[in-house]
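Here the structure comes first, spelled out in structure tokens, and everything after it is commentary.
Protein chains: 2
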Amino acid sequence: MSIRARREREYQRRNQLILDTARRLAEAEGWHAVTTRRLAEEIEYSQPVLYSHFHGKEAIVGAVALKGFEELTGTLRAARKSADDPTAALRAVIETYLDFAGANPALYSAMFELSTPLAFASAETPGPLIETFGELIAAVVAVAPAGDAELAAEVIWGALHGMVVLERSGRLRPALMRERVDLLLARFAPEG
Amino acid sequence: MSIRARREREYQRRNQLILDTARRLAEAEGWHAVTTRRLAEEIEYSQPVLYSHFHGKEAIVGAVALKGFEELTGTLRAARKSADDPTAALRAVIETYLDFAGANPALYSAMFELSTPLAFASAETPGPLIETFGELIAAVVAVAPAGDAELAAEVIWGALHGMVVLERSGRLRPALMRERVDLLLARFAPEG
DNA sequence: GTGGATATCTAGCGACACTAGCAATCCTGT
DNA sequence: ACAGGATTGCTAGTGTCGCTAGATATCCAC
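Chains as they are written, first to last, in numbering that gives the first Met the number 0: chain A, 0 to 191; chain B, 0 to 191.
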């Protein structure tokens, strides 16, 4: 009885070890450095052990990404709720989003760029993904005309994501991100 | 003398054959299907021949992408110049950009998502890349306040690119792209 | 015609994600 | 206490990837 429980605890512990190691490796050396061999070596188990935890490499990336959505949702919510007025809240959410992307490039990449088993816009979309977008919508509804909130949130999200990846690949001038945010806010929350 | 010229023509012909085949394969089956073995088989030469034309697979993807920038610049320019007024021109450029991304998903991916040797925002940035962004700026200057044009172009480009990749991965509702474009235009060219 | 340059191929390297099949370990039922 | 079966993890492989060394065939200049 308790033996099974201990086994289960050890399994979960190792599960977390795999995810933590994958994320740490990815942030330190990029996802290309996260190979099954390297991962197995780092956790001090053999390669096949990984497959008793996850269906494959994509599933590992997906699990890391899911954790990222939970973290992002939390920071976005905190930023939104600690703001004084709707416009400040939208600004806080936008800046928090960009800070998150800047501070966790590999994690952000797993969430939005890499191929993972995570389903979007479907019935099986995991909760954390919906909640993340929900935070953005919540910040937008307060400044957008009624009915347009979700649409405006999609456009703003697109602009944020687009600016992140275009800047990351050297296609935008990094020093001007602040100005771009100001411009975006001026267009979508003009009264602020 | 003319023998060397014939050789050179054949080399250029084969160069084009490699690029055309890579692009066709990528659009038909995705870039993951474009392996050096498959590419060699399709052009009916051995693998090493590819390396006498390009430094590696990334260089092939980069060459395909470069052609894409030339094409995109051309279609954007045509769309912009055939519009009646500045706002219509911006709308035409935006819709053309999105149509291009939708019609050539693999090519677009090579241009903006995949890792290639193409340098951005640097002294060695190839002309076609600069020209493409130049077309977008040209469309924006006519509707944006003086001094803000380039910044606004970056934000709009970010929104376009973000919406393309987010929609492509199922993160946005495809049917509403038209509405998102309308909203974007309403915010950046309100007088239209 | 022959020697040297050029063009192309066969064969193979190391690394990749992933897996079959075996060995050791552990828990259960008697 | 201990045999039998399930579980757990390993070794050793498969097939594929990008890429390349070295051999071979072809071609042109003298």
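Note that beta-carbon positions come from the ideal geometry of N, C-alpha and C, so glycine has one too.
So, does the CB of leucine 97/B fall closer than 8 Å to a CB anywhere in chain A?
Residue numbering aside, residue 97/B sits at position 98 when the second sequence is read from its first letter. For leucine 97/B, the answer is no, since every Cβ of chain A falls outside 8 Å of its Cβ.
Considering only residues of the same chain and omitting the five flanking positions on each side of alanine 141/B, which have a CB-CB separation below 6 Å?
In the second sequence, the residue the question calls residue 141/B occupies position 142. Taken in chain order, the residues that qualify are Pro85.
Looking at threonine 20/A and leucine 71/A, is the spacing between their C-beta atoms short of 8 Å?
Indexing the first sequence from 1 puts residue 71/A at position 72. Indexing the first sequence from 1 puts residue 20/A at position 21. The beta carbons of leucine 71/A and threonine 20/A sit no closer together than 8 Å.
Which residue's Cα is closest to the Cα of arginine 179/B: Arg170/B, Met110/B, Arg22/B, Leu159/B?
Translated into the one-based positions of the second sequence, residue 179/B becomes position 180. Selected option, being the one with the closest Cα: Leu159/B.
In chain order, what residues of the same chain lie with their CB nearer than 6 Å to the CB of leucine 18/B, ignoring the 5 residues before and after it?
Mapped onto the second sequence, residue 18/B falls at position 19. Ala62, Val63.
Would you check if the stretch 158 to 177 of chain A and the stretch 145 to 155 of chain B touch, i.e. whether three or more CB-CB distances between them fall below 8 Å?
Yes, since at least three Cβ pairs between the stretch 145 to 155 of chain B and the stretch 158 to 177 of chain A fall closer than 8 Å, the two stretches touch.
What would DSSP say about histidine 54/B, mapped onto helix, strand or coil?
If you number the second sequence from 1, residue 54/B lands on position 55. The answer is coil: DSSP assigns histidine 54/B none of H, G, I, E or B.
Whether leucine 171/B touches glutamate 153/A by CB criterion (8 Å)
The residue given as residue 171/B occupies position 172 in the second sequence. The residue given as residue 153/A occupies position 154 in the first sequence. Yes, Cβ-Cβ distance for leucine 171/B and glutamate 153/A is below 8 Å.
Could you check what DSSP says for alanine 77/B in three-state terms: helix, strand or coil?
Counting from one through the second sequence, the residue named residue 77/B turns up at place 78. For alanine 77/B, the secondary structure class from DSSP, reduced to helix, strand or coil, is helix.
Cβ-based neighbour list, leucine 113/A, same chain, cut-off 6 Å, excluding 5 preceding and 5 following:
Translated into positions along the first sequence, residue 113/A becomes position 114. Apart from sequence neighbours up to five positions away, the residues of its chain that approach leucine 113/A with a beta-carbon distance below 6 Å are Val60, ordered along the chain.
Buried or exposed for isoleucine 93/B, going by 16 or more other Cβ atoms inside 10 Å?
In the second sequence, residue 93/B corresponds to position 94, counting from 1. The residue is buried, with at least 16 neighbouring Cβ atoms inside 10 Å.
Just the chain B side, please: which residues come within less than 7 Å of arginine 186/A by C-beta, in chain order?
For the purposes of this step, residue 186/A is identified with residue 187 of the first sequence, where counting begins at 1. Correct list: Arg186, Phe187.
How long is the line joining the alpha carbons of arginine 13/B and arginine 167/B, rounded to whole angstroms?
On the second sequence, position 14 is the one that residue 13/B refers to. On the second sequence, position 168 is the one that residue 167/B refers to. Between arginine 13/B and arginine 167/B, the C-alpha separation is close to 33 Å.
Specify, as a first and last residue, the run of the alpha helix (DSSP H) that threonine 95/A falls within.
Counting from 1 along the first sequence, the entry for residue 95/A is found at position 96. If you look at threonine 95/A, you'll find it in the alpha helix (DSSP H) that goes 85 to 102.
Would you tell me roughly how many angstroms separate the C-alpha atoms of leucine 106/A and glutamate 26/B, rounded to the nearest one?
Taking the first residue of the first sequence as 1, we reach residue 106/A at position 107. Taking the first residue of the second sequence as 1, we reach residue 26/B at position 27. Spanning the two alpha carbons is a distance of roughly 28 Å.
Between Ala32/A, Leu65/A, Leu24/A, Val139/A, which lies nearest to leucine 89/A when the distance is taken from Cα to Cα?
As a working mapping, residue 89/A is identified with position 90 in the first sequence. The residue with the shortest Cα to Cα distance from leucine 89/A is Val139/A.
Counting only C-beta atoms, is arginine 23/A closer than 8 Å to chain B at any point?
As a working mapping, residue 23/A is identified with position 24 in the first sequence. No, its Cβ sits nowhere closer than 8 Å to a Cβ of chain B.
Close-in-space but distant-in-sequence residues of the same chain around glycine 67/A (CB under 6 Å, 5 per side omitted):
For the purposes of this step, residue 67/A is taken as the residue at position 68 of the first sequence. The residues are Leu106, Met110.
Let me know the secondary structure DSSP gives glycine 146/B once reduced to three states.
In the second sequence, the residue the question calls residue 146/B occupies position 147. In this structure, glycine 146/B counts as coil in the three-state DSSP scheme.
Taking 8 Å as the CB-CB limit, is leucine 106/A close to chain B?
One-based indexing of the first sequence puts residue 106/A at position 107. It does not: the Cβ of leucine 106/A has no partner Cβ on chain B nearer than 8 Å.
Quick one: list the residues of chain B neighbouring leucine 175/A, beta-carbon separation under 8 Å, in chain order.
Along the first sequence, read from residue 1 onward, the residue named residue 175/A stands at position 176. The answer, in chain order, is Leu150, Glu153.
Please look up how many angstroms separate the CB atoms of alanine 91/A and alanine 100/A, rounded, as I've assumed it's under 8 Å.
The count along the first sequence starts at 1 and reaches residue 91/A at position 92. The count along the first sequence starts at 1 and reaches residue 100/A at position 101. Contact doesn't hold; Cβ gap of about 15 Å is too wide.
Neighbour list for glutamate 130/B in chain A, Cβ cutoff strictly below 7 Å:
Along the second sequence, read from residue 1 onward, the residue named residue 130/B stands at position 131. Here the premise fails: no neighbours, minimum Cβ distance about 14 Å.
Assuming leucine 49/B contacts leucine 65/B under a Cβ cut-off of 8 Å, what Cβ separation, rounded to an integer in Å, is found between them?
On the second sequence, position 50 is the one that residue 49/B refers to. On the second sequence, position 66 is the one that residue 65/B refers to. With 8 Å as the limit, leucine 49/B and leucine 65/B do not qualify as a contact, their Cβ atoms being about 17 Å apart.
Would you identify the three-state DSSP class for threonine 131/A, choosing helix, strand or coil?
Start at 1 with the first residue of the first sequence, and residue 131/A comes out as number 132. Threonine 131/A: helix per DSSP, three-state reduction.
Is the CB of leucine 49/B under 8 Å away from at least one CB in chain A?
Here residue 49/B corresponds to residue number 50 of the second sequence, with the count starting at 1. Cβ-Cβ to chain A under 8 Å: no for leucine 49/B.
From Ala143/A, Leu16/A, Trp156/A, Phe53/A, pick the residue whose C-alpha is nearest to that of alanine 188/A; which is it?
If you number the first sequence from 1, residue 188/A lands on position 189. Looking at Ala143/A, Leu16/A, Trp156/A, Phe53/A, the one whose alpha-carbon comes closest to that of alanine 188/A is Ala143/A.
Among Ala4/A, Gly29/A, Tyr10/A, nearest to serine 108/A - alpha-carbon criterion
Within the first sequence, residue 108/A is the residue found at index 109, counting from 1. It is Gly29/A.
Note down, in chain order, all residues in the stretch 154 to 167 of chain A with a beta-carbon under 9 Å from any beta-carbon belonging to chain B.
Under the 9 Å Cβ criterion, the stretch 154 to 167 of chain A contributes Val154, Ile155, Trp156, Gly157, Ala158, Leu159, His160, Gly161, Met162, Val163, Val164, Leu165, Glu166.
Tell me whether isoleucine 129/A is buried or exposed, calling it buried when 16 or more other Cβ atoms sit within 10 Å of its Cβ.
What you label residue 129/A is simply residue 130 of the first sequence in a count that begins at 1. Taking every protein chain shown into account, the CB of isoleucine 129/A has fewer than 16 other CB atoms within 10 angstroms, so this residue is exposed.
Between the beta-carbon of threonine 95/B and the beta-carbon of threonine 74/B, is there less than 8 Å?
Counting from one through the second sequence, the residue named residue 95/B turns up at place 96. Counting from one through the second sequence, the residue named residue 74/B turns up at place 75. In contact: threonine 95/B and threonine 74/B (Cβ atoms closer than 8 Å).
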